[in-house]
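Numbering (mature numbering (1 follows the signal peptide of the UniProt record, and there is no 0)), first residue to last: -26 to -1, 1 to 464. Every residue, glycine too, gets a C-beta built ideally from N, C-alpha and C. Note that the structure is a prediction, hence the values are computed from the model and not measured.
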Amino acid sequence: MKYKINIRKALLLSAVGIGLTFSSCTDDFEQLNTNPKSPKELAAEDTKYQLANVQYNYAFQYLQISRVDNPSNVLVQHLTQTTYVDVSQYNFASNAGDQFYTNWIRKANDLQSIISNAELNKESLSAGQYGYIKGIALAHFVFGMQNVTDHFGPIPYTNAFRAIDGTEFFSPSYDSQELVYDNLLSDINEAITLLTAANEEGVNMYESSDRIYGGSASSWLKFANSMKIRVAARMLDIKESAALTAIEEAAAAGAIASNADNADFPFGDDNYQPIADEHRNRTDYVVSETMIDRLIELSDPRLSAYASPNNAGDYVGGVNGTTNSADETSTVAANLKSDPSFPATFIQYAEVEFILAEVAARKGDAATAKAHYDKAIEASMNKWGITDAAAIADYIASEGVAWDGTGNYKEAIGEQKWLALYMQSHEAWAEYRRLDYPMLERAVGATVDVPVRIFYPSNESTANAVNYAEGVQMLNGADDSQTKLWWDVN
């Protein structure tokens, strides 16, 4: 299906919807309280342009490799740097969190504009149409805001995206990450209810502009249930009973059940995917030796799908924390560098299966855990183009991979999930912190351990000083890269 999206129109309508002029890349948490101004200026059907813009920007930010906008590829040691070694050695500038935060919060504002539009037009919409517009926006919102809190910890949420009036801002208070997660779960439950109504009514208002699911309400319902599984999984070590219940509810209701259901955003010639764009003129990143060595050690069929051999024809990973030659080390696979349409994956089938394996393992059901674990690995292989059933079966049964039911389930799942989440570095970094596997070594030249969070935006300590101080207090540690988040308890 071709999606004819007028990106310029999407950008213009997005700007109208939130009533903002962005003049700086150092916007702080006060932007959370930007009033989604004048949503009634848009017809309900025009929210599709706002959503198209959100999807593109989320996809670009999620897939890109950047020492400023997305250092997580390097932090989780999927990739490492060639020329600059600042991020590889965990030497962050004081404004390290600024651009990341700005990029994600701008789109959260757009989503709040869509939600406000749905509320203002509710009387003229059917229950299914209202549920469709608000439910899809809310599911995207949870996806984005989970990513924000998983980078920073406590953030404004319950008092966020509100204004005193249409022109003024007020300084938002921070919520503990526990409260943020409670609200993420509540919001995704609301999205599920809304999308259920939309699906029952057979609504599709975004068919021509939704690059991920072509506007399918049933697909977005699966996405929402899968996001509920992801959100709840992060809580397993701290609120196990409630998290298990939420995961089982979502799985029973219908989550992503095959790679065909994956939330993939395909780029195209009109808007290059960021990895191909980055490799047009230079190579600042190569595949980390941590990744290459592990793939070789396991005789993993994904090696050639993830990386290209060096000029000598060998697979050699770059050393974390040092400069690396792109000629002598392995760059990302050829299709990642050259295919402008390579998709950004928001969430995939393998993730769901890994979490279901963990749930079964926590409940002592080794057979069910193994079944889900094996399905997860197979799903990842298939996603990356490995379809030889015998080769996949041999890999799943091999030493270092096979599920034996007696070992550390976090180690088994953590290792394979880390491999499967290649090019989903935000989620890979989050799950590495939660599961504590694989055991990544400190990079060469680093003076601190692998970072577990990103600093708050640099001007937050002055522009919103009182609330910032309360946010740091809720961290139970310093505003630095070594303070663990609420769900990172081990």
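Contact check for G109 against A172 passes: the beta carbons are separated by less than 8 Å.
When DSSP states are grouped into helix, strand and coil, I129 belongs to the strand group. Ranked by Cα distance from R408, the first of V61, L99, D211 and A134 is D211.
Under the DSSP assignment, T21 falls in the alpha helix (DSSP H) whose first and last residues are T21 to L37. With respect to S46, A417 sits apart: the two C-beta atoms are not nearer than 8 Å. Burial of Q103 is indicated by the presence of at least 16 other C-beta atoms within 10 angstroms of its C-beta. In the displayed model, L272 falls within coil according to three-state DSSP, outside both helix and strand.
With respect to the 8 Å criterion, P128 and G445 are classified as neighbours on the basis of their beta carbons. In the structure shown, F239 falls within a strand segment according to DSSP collapsed to helix, strand and coil. The residue among T436, S435 and E405 with its C-alpha nearest the C-alpha of R427 is E405. In the structure shown, Y396 adopts coil according to DSSP, grouped into three states.
Segment contact: the segment 366 to 378 against the segment 167 to 183, fewer than three CB-CB distances shorter than 8 Å; contact not assigned. Going by beta carbons, Y280 and V260 fall outside the 8 Å limit. Scanning the segment 53 to 111 from its first residue to its last, the whole alpha helix (DSSP H) runs of 4-plus residues come out as 72 to 94. Per the C-alpha coordinates, the member of P425, A363, F34 and T21 positioned closest to F241 is F34. Less than 8 Å divides the Cβ of S200 from the Cβ of V326. The beta-carbon distance between P431 and Y369, rounded to whole angstroms, is 43 Å. This is too long to meet the 8 Å contact definition.
Non-local C-beta neighbours of L195 in its own chain, meaning closer than 6 Å and more than five positions away in sequence, comprise L169 and N173, ordered along the chain. Contact annotation, N284 with S304: C-beta distance approximately 6 Å; criterion of less than 8 Å satisfied.
The beta carbon of G71 sits closer than 8 Å to the beta carbons of H125, F126, I428, F429, Y430, P431 and S432 from its chain, once the five residues preceding and following it are set aside; these are given in chain order. In summary, V306 is buried, with 16 or more beta-carbon neighbours lying within 10 Å of its beta-carbon over all protein chains present. Counted as a single uninterrupted DSSP element, the beta strand (DSSP E) harbouring V261 occupies residues Y259 to V261.
With a cutoff of 8 Å on beta-carbon distance, H114 and L85 are scored as near each other. Judged by pairs of C-beta atoms under 8 Å, the segment 241 to 256 does not touch the segment 215 to 224, as fewer than three such pairs exist.
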